[in-house]
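First residue of the sequence shown? That's 192 in this note's numbering, and the numbers climb one at a time after it.
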Amino acid sequence: MAANFKINDEVRLNKPAPQGSILQLGVDQEGNISYLVLWTDAEGNTQQRWFKEDDLVKV
């Protein structure tokens with residue numbers, strides 16, 4: 192089985208990045224903030240997932 196990528200290859204996700212609304216805010220024991228985001232995927236299904244604050248930008 193051959194790998195599609197090599198070490199140091201620059202890559203990106205081949206799926207669109209989720210864009211949606213913040214449902215909840217969470218803070219872990221170290222004080223890191225995360226957000227539960229709700230969005231609708233390309234198939235029309237509702238999805239939700241926790242993201243670190245550094246992974247998100249306001250649109």
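Glycine included, C-beta positions come from ideal geometry on N, C-alpha and C.
As the structure is a prediction and not an experimental result, all values here were calculated from the model.
- Per DSSP, the unbroken beta strand (DSSP E) holding K243 starts and ends at T237 to K243.
- With the rule of 3 Cβ pairs closer than 8 Å, the region 222–234 counts as touching the region 198–210.
- Beyond the five residues adjoining it in sequence on each side, L214 comes within less than 6 Å, by CB distance, of L227 and L229 in the same chain, given in chain order.
- Going by beta carbons, G235 and S225 fall outside the 8 Å limit.
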